[in-house]
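*Asks:* Dropping a structure here in structure tokens format, bear with me for questions.
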Amino acid sequence: MIRRVSVAAMLAVVLLIGQSAHAEEPEHLLTVVTSGSNETQAMAMILTAQYLQQGGSAQVLLCDSAGELALEDSDMGAGVVQPADASPRQMVGNLMEAGVEVQVCAIFLPGRDKTEDDLIEGVTVARPDAIARTMAERDTKLFTN
Numbered sequence: 004m005i006r007r008v009s010v011a012a013m014l015a016v017v018l019l020i021g022q023s024a025h026a027e028e029p030e031h032l033l034t035v036v037t038s039g040s041n042e043t044q045a046m047a048m049i050l051t052a053q054y055l056q057q058g059g060s061a062q063v064l065l066c067d068s069a070g071e072l073a074l075e076d077s078d079m080g081a082g083v084v085q086p087a088d089a090s091p092r093q094m095v096g097n098l099m100e101a102g103v104e105v106q107v108c109a110i111f112l113p114g115r116d117k118t119e120d121d122l123i124e125g126v127t128v129a130r131p132d133a134i135a136r137t138m139a140e141r142d143t144k145l146f147t148n
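For the sequence shown, my numbering assigns the number 4 to the initial residue and increments by one for each residue that follows.
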């Protein structure tokens with residue numbers, strides 16, 4: 004009987020240690036934006052910024068219409084959204100200044116006959132294998148819109 008209690012107590016301690024160790028790891032947010040909607044893009048950037056303020060880390064992947072936020076010559080995301088008083092494009096810049104990695108999907112540029120030279124400074128092309136690894140990480144949360 005004492006041995007069963009000791010084994011159960013040891014298991015409980017091991018589980019608690021494992022949970023507290025995992026709880027101390029900052030969680031990572033992968034925000035995948037595909038929408039061409041100014042409001043949708045803005046809300047994705049606002050929530051990502053809020054996640055950073057809560058102590059997490061984040062990265063942003065822009066695909067489909069949202070990828071145009073990363074093009075130097077695009078007007079996508081230029082409209083100011085209230086009450087944020089900023090455009091999605093400005094919000095992307097603010098996230099990058101805060102250390103957030105911003106990338107476009109690997110198929111975005113070739114699908115539009117563009118190159119990396121057409122991207123705003125600091126934005127890179129995502130590698131599918133690297134994104135897949137990030138998605139598979141235990142501490143990664145996926146936010147898509």
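Cβ atoms here follow ideal geometry from the backbone N, Cα and C, with glycine treated the same way. These figures come from a predicted structure and were not determined experimentally.
Does the Cβ of A109 lie closer than 7 Å to at least one heavy atom of the ligand SAH?
*Replies:* With respect to the ligand SAH, the structure offers nothing, as it holds no ligand at all.
*Asks:* Where F146 and Q85 are concerned, what is the direct C-alpha to C-alpha distance, given to the nearest angstrom?
*Replies:* Along the sequence shown, read from residue 1 onward, the residue named residue 146 stands at position 143. Along the sequence shown, read from residue 1 onward, the residue named residue 85 stands at position 82. Between F146 and Q85, the C-alpha separation is close to 22 Å.
*Asks:* Taking L98 as part of the alpha helix (DSSP H), name the residues at either end of that continuous run.
*Replies:* In the sequence shown, the residue the question calls residue 98 occupies position 95. Unbroken alpha helix (DSSP H) run through L98: 91-100.
*Asks:* Using C-beta distances below 8 Å, list every residue in its chain close to D121, excluding the 5 sequence neighbours before and after it, in chain order.
*Replies:* The residue labelled residue 121 in the question sits at position 118 within the sequence shown. These residues qualify, in order along the chain: L74, E75, D76, L112.
*Asks:* Would the beta-carbon of Q62 fall within 8 Å of that of E104?
*Replies:* Locating residue 62 in the sequence shown gives position 59, where the first residue counts as 1. Locating residue 104 in the sequence shown gives position 101, where the first residue counts as 1. Going by C-beta atoms, Q62 is nearer than 8 Å to E104.
*Asks:* Work out the CA separation of A129 and S90 for me, nearest whole Å.
*Replies:* Sequence index remark: in the sequence shown, residue 90 carries index 87 (1-based). Sequence index remark: in the sequence shown, residue 129 carries index 126 (1-based). Between S90 and A129, the C-alpha separation is close to 23 Å.
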